[in-house]
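Residue numbers (the working numbering): 19 to 277.
Have a look at the structure below before the remarks.
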Amino acid sequence: MTTTPDRPYAPPTTVSVSRGHRTDAYHLLTPANQFPSRLPGFDGVIVKKLATPRLHRARFGWYLLEIEPGGGTSAVTGAEHEHFLLGLDGTPHVLAGDAEHDLADQGFAFLPAGTGFQLRNDTAAPARLLWIKQEHQPWPGVPAPQPVSGRLGDAEYRPGSVAGISRAELLPVDAPYDFSMSVLSFEPGAVFPKVEVHDEEHGLWMLKGSGLYHLDGDIMEVETEDFIYMAPYCPQYFYPTGPGTAAYLLYKDINRDGF
19 MTTTPDRPYA PPTTVSVSRG HRTDAYHLLT PANQFPSRLP GFDGVIVKKL
69 ATPRLHRARF GWYLLEIEPG GGTSAVTGAE HEHFLLGLDG TPHVLAGDAE
119 HDLADQGFAF LPAGTGFQLR NDTAAPARLL WIKQEHQPWP GVPAPQPVSG
169 RLGDAEYRPG SVAGISRAEL LPVDAPYDFS MSVLSFEPGA VFPKVEVHDE
219 EHGLWMLKGS GLYHLDGDIM EVETEDFIYM APYCPQYFYP TGPGTAAYLL
269 YKDINRDGF
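In structure tokens, the structure reads:
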């Protein structure tokens with residue numbers, strides 16, 4: 019008599035329709051593909067590594083942090099890097115020196131290199147946030163960047179050269195800052211006029227909506243809470259789909275020559 023082992027199996031459709039994909043030019047991670055891990059000193063925090071320098075030689079790291087009630091960091095961390103943190107759910111708090119940043123309601127904070135920080139979730143509900151970090155690239159004669167904080171809801175969106183596409187810069191784009199964080203918003207049917215191929219690398223988090231992304235010749239379906247890493251010179255093009263607005267958070271290295 020044949021018996022079925024008492025352990026779960028992924029249904030066939032979980033494998034056959036997975037949108038997760040990796041090439042030398044990009045990778046796409048969906049919520050179904052994300053894998054939980056831990057970091058020392060991050061107590062009660064699930065860490066999902068979306069991009070690190072271990073793959074594609076990325077110059078930045080991008081993580082999704084899920085903080086349990088009462089969880090957070092046990093000591094100051096991260097002074098050797100610069101950081102951008104954006105709250106997604108709950109009420110995560112960031113302590114950086116004498117400053118405290120409430121990341122509820124999509125609050126965000128940029129912390130320059132040399133500014134260690136602590137995370138905490140003092141509420142009875144879980145909290146989630148995005149964490150981007152990289153080594154700062156100084157430039158002769160250019161001062162260090164300054165801290166920045168705000169909320170996505172207060173960001174100023176400016177129309178671009180294409181009708182239906184607007185952009186909000188969350189950080190200054192002048193010389194002290196070696197990466198930008200932007201939100202691009204697309205009304206239905208609004209598209210860029212060309213496929214872009216450029217030196218800058220990207221990290222991208224879908225904030226809302228859905229679309230089709232041309233990535234190095236592949237056409238990939240993307241939707242809310244998907245993550246994409248794009249290596250330098252990866253051909254790229256986004257087309258929104260669905261009845262509503264699509265928007266994504268975008269990292270791009272700027273103001274440096276790549277050496």
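Note that beta-carbon positions come from the ideal geometry of N, C-alpha and C, so glycine has one too.
Owing to the predicted nature of the structure, the values given are computational and were not obtained by experimental measurement.
Per-residue DSSP class, three states only, for residue i
i: G115; result: coil
i: L170; result: helix
i: L83; result: strand
i: Y269; result: strand
i: T259; result: strand
i: T20; result: Reliability fails at T20, whose pLDDT of 49 lies under 50, so the model's placement of it is uncertain and the value that follows must be treated cautiously. T20 falls in the coil class under three-state DSSP.
i: R274; result: coil
i: A264; result: strand
i: G221; result: strand
i: A36; result: The residue asked about is misnamed: residue 36 is Ser in this sequence, not Ala. Coil.
i: V205; result: According to the sequence shown, residue 205 is Glu rather than Val. Three-state result, E205: coil.
i: L73; result: coil
i: L47; result: strand
i: Y247; result: strand
i: F210; result: coil
i: L129; result: strand
i: G90; result: strand
i: D196; result: coil
i: D42; result: coil
i: D123; result: coil
Identified DSSP bridge partners for residue i
i: Q152; result: F78, E100
i: R176; result: R185
i: T95; result: F135
i: P54; result: K66
i: L230; result: E239, Y257
i: D140; result: Answer is none; D140 lacks a bridge partner.
i: R146; result: E84, D107
Assumed close pair residue i, residue j - CB separation to whole angstroms, cut-off 8 Å
i: A143; j: G108; result: 5 Å
i: D275; j: D196; result: The Cβ separation is near 11 Å, so there is no contact.
i: V201; j: L170; result: 6 Å
i: G235; j: P211; result: So it is not a contact: roughly 19 Å between Cβ atoms.
i: G96; j: G134; result: 6 Å
i: R303; j: L46; result: Not covered by the structure: residue 303. The range shown for the chain is 19 to 277.
i: H111; j: D120; result: 6 Å
i: P49; j: E243; result: 5 Å
i: Y255; j: V191; result: Going by Cβ atoms, the distance from Y255 to V191 rounds to 23 Å, so no, they are not a contact pair.
i: Y81; j: W149; result: 5 Å
Proximal residues to residue i (C-beta, below 6 Å), its chain only, five neighbours per side dropped
i: E84; result: I64, R146
i: T91; result: G59, F60, Q136, L137
i: H74; result: A249
i: Q52; result: K66
i: N273; result: A193, D196
i: K151; result: G79, H99, H101
i: Y251; result: V215
i: Q164; result: none
i: A264; result: F204, G227, G229, P258
Beta-carbon proximity list for residue i, same chain, < 7 Å, skipping 5 on both sides
i: E174; result: A186
i: P87; result: N139, T141, A142, A143, P144
i: Y257; result: V209, G229, L230
i: A278; result: Nothing can be reported for residue 278, as the shown portion of the chain is limited to 19 through 277.
i: Q155; result: D196, R274
i: L189; result: F128, V166, Y195, S198, M199
i: T21; result: Residue placement at T21 cannot be trusted, given a pLDDT of 49 that sits under 50; what the coordinates show is reported in the next sentence. Cβ neighbours of T21 beyond the five flanking positions: none.
Cut-off 8 Å between Cβ atoms - residues of its own chain near residue i, not counting five sequence neighbours on either side
i: I237; result: L230, Y231
i: M19; result: Model confidence at M19 stands at a pLDDT of 47, short of 50, so the residue's coordinates are unreliable and nothing is read from them.
i: E153; result: R77, E98, H99, E100, A131
i: G260; result: P206, G227, S228, G229
Three-pair Cβ contact test at 8 Å for the region 124-137 versus the region 91-104: The answer is yes - the region 91-104 touches the region 124-137, with three or more Cβ pairs under 8 Å.
Segment contact, 8 Å Cβ cut-off, at least three pairs: the region 215-228 with the region 183-191: no
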